[in-house]
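Undergrad: Residue 0 is where the sequence shown starts when you use numbering that gives the first Met the number 0, and the numbers rise one by one after that.
Take a look at the following structure, please.
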Amino acid sequence: MLQFPHLEPTPLEQSEQLEQLRALEHGYRIKLLETVHDTVGVDTPEDLARVEKLLRGQGVAPGAS
C-alpha cells in the first residue's frame, strides 16, 4: 500500500475508473471480502471526516471516548 500512490495510473484504470486495477496491472495482488454490513466510501476529505466521526461514535477510532 505504501507504493500505491507512486504507481502510474493505467489506461484501464482510467477508462473503468477503478483504482484497484492500478494495483493489479502493476503486478500486485488484492483481496476482496464480501460483507453483509453497510459500507461507506471515502473519496474526499469530507468523507473522511464523516467516517472518523462515525467511528468515534462507535468507540473504535483514535480519540474515541
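The beta carbon of each residue, even a glycine, is placed where N, CA and C say it ideally should be.
Predicted, not measured: the structure shown is a model, and the values here were computed from it.
Do glutamate 24 and leucine 11 have their CB atoms nearer than 8 Å?
TA: For the purposes of this step, residue 24 is taken as the residue at position 25 of the sequence shown. For the purposes of this step, residue 11 is taken as the residue at position 12 of the sequence shown. The answer is yes: Cβ separation under 8 Å.
Undergrad: Leaving out five residues before and five after leucine 20 in sequence, what residues of the same chain have Cβ atoms less than 7 Å from its Cβ?
TA: Within the sequence shown, residue 20 is the residue found at index 21, counting from 1. Excluding positions up to five away in sequence, the list reads Thr9, Leu11, Glu12.
Undergrad: Rounded to whole angstroms, what is the Cα-Cα separation between alanine 48 and leucine 1?
TA: Stepping through the sequence shown from its first residue, residue 48 is reached at position 49. Stepping through the sequence shown from its first residue, residue 1 is reached at position 2. C-alpha separation (whole angstroms): 22 Å.
Undergrad: Return yes when the Cβ of valine 50 is within less than 8 Å of the Cβ of valine 59, no when it is not.
TA: Numbered from its first residue, the sequence shown carries residue 59 at position 60. Numbered from its first residue, the sequence shown carries residue 50 at position 51. The answer is no: Cβ separation not under 8 Å.
Undergrad: Just verifying my parser: in three-state terms, what is the DSSP assignment at glutamine 16?
TA: The residue labelled residue 16 in the question sits at position 17 within the sequence shown. Glutamine 16: coil per DSSP, three-state reduction.
Undergrad: Helix, strand or coil for aspartate 46 per DSSP?
TA: The residue given as residue 46 occupies position 47 in the sequence shown. Here aspartate 46 sits in helix by DSSP.
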